[in-house]
Amino acid sequence: MSMPITQERLLDERQIERVLIAYCRGLDTMELDALALLFTEDCLVSYGPDAALNSHGRDGLRRDLGRLWRWRRTAHHLSNVEIDFTAADRASVSSAVMAWHERADGGSDLVTATVFGRYEDEFVRTGEGWLIAKRTMYMSGSNSAFKVNLHPLPRRPPPPGWTAPVVERRGP
Amino acid sequence: MSMPITQERLLDERQIERVLIAYCRGLDTMELDALALLFTEDCLVSYGPDAALNSHGRDGLRRDLGRLWRWRRTAHHLSNVEIDFTAADRASVSSAVMAWHERADGGSDLVTATVFGRYEDEFVRTGEGWLIAKRTMYMSGSNSAFKVNLHPLPRRPPPPGWTAPVVERRGP
Amino acid sequence: MSMPITQERLLDERQIERVLIAYCRGLDTMELDALALLFTEDCLVSYGPDAALNSHGRDGLRRDLGRLWRWRRTAHHLSNVEIDFTAADRASVSSAVMAWHERADGGSDLVTATVFGRYEDEFVRTGEGWLIAKRTMYMSGSNSAFKVNLHPLPRRPPPPGWTAPVVERRGP
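Residue numbers (this note's numbering), protein chains in the order written: chain A, 15 to 186; chain B, 15 to 186; chain C, 15 to 186.
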């Protein structure tokens with residue numbers, strides 16, 4: 015159940031969006047101390063079903079996200095932010111991320127991995143501002159070089175009997 | 015002729031942006047019933063010059079967008095939103111979309127198609143909120159695996175006599 | 015030192031974001047006369063250390079950005095906007111750009127160059143609205159086809175003794 019949006023809420027939304035963006039910046043620069051402060055002390059963060067992809071608390075998250083150092087460079091581009099306030103100090107927030115990663119032995123396009131992901135977050139307003147209390151990452155897709163077992167984004171199948179129309183250009 | 019922006023208009027802009035994002039979400043999850051409700055009952059939607067790429071009305075659009083099921087997975091990332099109010103209840107809206115598609119026989123990067131597109135929309139405020147009355151999609155570019163005949167984005171050519179400078183790094 | 019954000023500031027932020035987006039649109043359509051008007055008359059724009067990548071003033075920038083015509087098509091997708099007001103009429107602004115370029119001899123994915131970049135801008139409010147006085151572009155990464163010597167984005171190295179965990183899926 016989400017609450018109606020007001021002009022005052024736009025300031026809350028702006029602060030929440032800044033947290034989402036600061037997370038992406040923190041990953042690309044690997045400033046993990048600052049990144050961990052975007053989450054509550056007792057946060058739960060799940061990128062996939064495997065134990066190694068589930069982090070608990072700021073300290074655990076800061077340690078676990080060190081795994082990004084196995085890439086030489088990364089770029090996290092955030093978009094599609096949807097914020098729904100569920101109480102005065104709580105919000106459910108969905109966003110999309112295009113995450114590009116280059117392997118440490120890079121130099122060829124074959125060793126870059128791209129993920130088209132979605133963050134589903136629970137935000138809470140605290141004395142330190144809006145923070146992420148719970149994050150679950152889903153994956154719409156990825157290129158073939160990305161092998162991490164992220165949660166898949168559910169997708170509705172076609173109805174029975176559906177057949178594909180021809181919309182591609184025929185060619186020479 | 016666009017109208018000056020005010021603080022009240024920021025709430026309208028937020029609602030319009032949510033419609034743009036919900037469209038992307040609807041395509042990635044293929045929840046086409048919900049997606050069709052983002053458009054007016056008599057909407058006109060054109061992705062390209064071919065008849066198969068032009069949809070009329072909510073029912074037509076919902077049926078025609080079933081063509082996305084020929085892909086196994088997709089990801090639509092929205093950005094570059096520009097909203098210009100042309101009347102109290104009307105707005106011209108431009109946005110950019112990075113649309114990634116994986117073929118149903120996927121598993122290789124050779125069968126993913128990426129489009130760099132632009133939506134040019136006419137929004138109207140209705141009793142159901144801001145809805146898309148008219149959408150035209152243009153394409154800035156795409157990778158070679160994408161073969162759908164979308165409207166090309168116009169681009170100004172260089173002036174007569176222009177020659178390319180050298181800005182690439184030389185080197186081994 | 016950044017200033018607290020208020021509801022009035024949200025209108026400034028919206029205007030600044032529109033300038034960032036109009037720049038991207040101007041590059042993709044190569045409407046360089048309009049693009050130059052997004053900058054102050056005495057602007058400084060640096061994309062990399064080489065002299066050819068540093069532009070001075072509107073006229074210089076308009077001329078130098080003609081180099082984009084060596085590509086057949088481009089797409090600039092903007093995201094991750096962070097605005098910090100440093101005075102009543104000044105703001106430091108960071109944003110991310112996914113910039114796709116197709117070579118004039120294109121037709122193959124091998125000749126498309128993608129950059130994952132970051133703009134660090136100084137904006138000033140003028141009689142013509144908010145304009146970019148100083149822009150420095152950094153690069154988080156790029157695919158192998160991009161050879162321009164952009165400023166690299168700094169990234170913190172792993173602590174001494176760090177070893178990479180195994181998070182990739184094993185499998186056939």
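C-beta atoms are modelled at their ideal positions from N, C-alpha and C, and glycine is treated no differently.
Coarse secondary structure for residue i, derived from DSSP in three states
{"i": "Val33/B", "result": "helix"}
{"i": "Val125/C", "result": "helix"}
{"i": "Ala65/B", "result": "helix"}
{"i": "Thr43/C", "result": "helix"}
{"i": "Trp83/C", "result": "helix"}
{"i": "Arg77/A", "result": "helix"}
{"i": "Arg119/B", "result": "Checking the sequence, you will find Asp at residue 119/B rather than Arg. Three-state result, Asp119/B: coil."}
{"i": "Gly175/B", "result": "coil"}
{"i": "Gly143/A", "result": "strand"}
{"i": "Ala102/B", "result": "coil"}
{"i": "Arg170/C", "result": "coil"}
{"i": "Arg132/A", "result": "strand"}
{"i": "Arg110/B", "result": "Here the sequence assigns Ala to residue 110/B, which means Arg is not the residue at that position. The answer is strand: DSSP assigns Ala110/B an E or B state."}
{"i": "Ala159/B", "result": "coil"}
{"i": "Leu189/A", "result": "Nothing about residue 189/A can be read from this structure; chain A reaches only from 15 to 186."}
{"i": "Arg183/B", "result": "coil"}
{"i": "Leu52/C", "result": "coil"}
{"i": "Leu58/B", "result": "strand"}
{"i": "Glu27/B", "result": "helix"}
Closest residue to residue i among the options (Cα-Cα distance)
{"i": "Arg39/B", "options": "Ser158/A, Lys161/A, Glu55/A, Ser93/A", "result": "Ser93/A"}
{"i": "Asp56/A", "options": "Asp73/A, Ala101/A, Arg117/A", "result": "Asp73/A"}
{"i": "Arg170/B", "options": "Ala48/C, Ile30/C, Thr54/C, Ile35/C", "result": "Ala48/C"}
{"i": "Val33/B", "options": "Ala65/B, Asp78/B, Val107/B, Arg86/B", "result": "Val107/B"}
{"i": "Trp30/A", "options": "Ser109/A, Leu67/A, Ala66/A", "result": "Looking at the sequence itself, residue 30/A is Ile, so the reference to Trp does not match. The candidate whose alpha carbon is nearest that of Ile30/A is Ser109/A."}
{"i": "Arg149/C", "options": "Leu52/C, Pro172/C, Arg84/C", "result": "Leu52/C"}
{"i": "Met17/B", "options": "Thr100/B, Lys161/B, Ala159/B", "result": "Thr100/B"}
Euclidean distance between Cα positions of residue i and residue j
{"i": "Phe137/B", "j": "Pro179/C", "result": "49 Å"}
{"i": "Glu96/B", "j": "His90/C", "result": "14 Å"}
{"i": "Arg5/B", "j": "Arg86/C", "result": "One cannot answer for residue 5/B here, as it falls past the ends of chain B, which runs 15 to 186."}
{"i": "Ser69/C", "j": "Val59/A", "result": "44 Å"}
{"i": "Gly175/B", "j": "Pro168/B", "result": "21 Å"}
{"i": "Arg132/C", "j": "Val111/C", "result": "6 Å"}
{"i": "Leu145/A", "j": "Asp26/A", "result": "11 Å"}
{"i": "Asp64/A", "j": "Gly141/C", "result": "56 Å"}
{"i": "Ile35/B", "j": "Glu134/B", "result": "14 Å"}
{"i": "Ala102/C", "j": "Gln21/A", "result": "22 Å"}
{"i": "Ile19/A", "j": "Arg23/C", "result": "18 Å"}
{"i": "Phe160/B", "j": "Pro173/C", "result": "43 Å"}
{"i": "Val162/C", "j": "Thr177/A", "result": "46 Å"}
{"i": "Ser158/B", "j": "Ala50/C", "result": "32 Å"}
Test item: CB-CB of residue i and residue j under 7 Å
{"i": "Met153/B", "j": "Pro166/B", "result": "yes"}
{"i": "Ser156/A", "j": "Val125/A", "result": "no"}
{"i": "Leu164/A", "j": "Tyr37/A", "result": "no"}
{"i": "Val181/B", "j": "Ala127/C", "result": "no"}
{"i": "Thr54/B", "j": "Ala113/B", "result": "no"}
Amino acids of chain D, ordered along the chain, whose beta-carbon sits closer than 9 Å to that of residue i
{"i": "Gln21/B", "result": "No chain D appears in this structure, whose protein chains are A, B and C."}
Beta-carbon contacts of residue i that lie in its chain and below 8 Å, excluding the five residues immediately before and after
{"i": "Leu46/B", "result": "Gly40, Arg76, Leu79, Gly80"}
{"i": "Arg104/C", "result": "Glu136, Phe137, Val138, Arg139"}
{"i": "Gly71/C", "result": "Glu55, Asp56, Cys57"}
{"i": "Pro186/C", "result": "In this predicted model, Pro186/C has a pLDDT of only 45, less than 50, meaning its place in the structure is not dependable enough to derive any value."}
Own chain residues within Cβ distance below 7 Å of residue i, not counting five before or after
{"i": "Leu82/B", "result": "Leu41, Met44, Thr88"}
{"i": "Arg84/B", "result": "Ala118"}
{"i": "His115/B", "result": "Trp85, Thr88, Thr126, Ala127"}
{"i": "Gly143/B", "result": "Gln29"}
{"i": "Asp98/A", "result": "Ser16, Ala105, Ser106"}
Any non-hydrogen atom of the ligand MG within 6 Å of residue i CB
{"i": "Arg104/C", "result": "Among the components of this structure there are no ligands whatsoever, and the ligand MG is therefore not found."}
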